[in-house]
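Residue numbers (my numbering): 9 to 121.
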Amino acid sequence: MQFEKFTHEMQDGWGLATDGKVLFGSDGTSKLYHLDPQTLKVIRTETVKYKGHEVHNLNELEYIGDEVWANVWQTDCIARISPKDGVVLGWVLLPSLSFCKRVVLTYHFLMIL
């Protein structure tokens with residue numbers, strides 16, 4: 009097996025997924041990169057947001073249906089992202105893990121105030 013070096017415009021390379029046409033990349037920030045699979049050049053970048061707030065620490069990516077799923081590093085949350093505009097469509101909250109429960113409870117508590 010032969011390996012080659014390549015350059016990219018992301019800060020780091022944390023996750024890659026594809027829809028068969030475009031590569032989606034994450035670098036640990038709130039950015040979802042759209043890359044040309046032949047050149048690895050960034051075609052465009054979306055800022056991932058949930059209810060207007062940036063979602064940071066995007067990590068491993070998967071392409072499921074028409075969505076990019078990204079786990080949020082050091083949490084038990086998976087964001088379901090629209091690759092068209094970077095909007096979080098919903099969350100996968102793993103029930104046996106506690107961090108997301110605290111986030112959701114804190115969010116609801118703050119909404120009451």
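Cβ coordinates follow ideal geometry from the N, Cα and C atoms, glycine included.
On a predicted model such as this, the values are computed, not experimentally measured, just so you know.
Requested in this report: Name the two residues that bound the continuous beta strand (DSSP E) containing His64.
Outcome: Per DSSP, His64 lies in no beta strand (DSSP E) segment and is marked neither H nor E.
Query - Within 9 Å, strictly: CB atoms of Val95 and Lys57 - result: Taking 9 Å as the Cβ cut-off, Val95 and Lys57 qualify as a contacting pair.
Query raised in the report: Considering only the beta carbon of each residue, do Glu54 and Asp84 sit closer than 9 Å?
Result: Their beta carbons are not under 9 Å apart, which means Glu54 does not touch Asp84 by this criterion.
**Report entry** Cα-Cα separation between Met9 and Leu69, rounded to whole angstroms
**Finding:** If I take the Cα positions, the gap works out to 25 Å.
**Report entry** Contact set for Asp27: own chain, Cβ-Cβ below 6 Å, skip 5 residues either direction
**Finding:** Once the five neighbours on either side are set aside, the close Cβ partners of Asp27 are Tyr71.
Query raised in the report: Where Gly23 and Gly33 are concerned, what is the direct C-alpha to C-alpha distance, given to the nearest angstrom?
Result: The straight-line gap from Cα to Cα measures roughly 5 Å.
Query raised in the report: If you check the beta carbons only, do Thr90 and Val76 fall under 9 Å apart?
Result: A small fix is needed here, since residue 90 is Ser in this sequence, not Thr. Contact: yes.
Query raised in the report: Can you round the beta-carbon distance between Gly36 and Asn67 to whole angstroms, since I take them to be within the 8 Å contact cut?
Result: Yes, they are in contact, since the Cβ atoms of Gly36 and Asn67 sit about 7 Å apart, within 8 Å.
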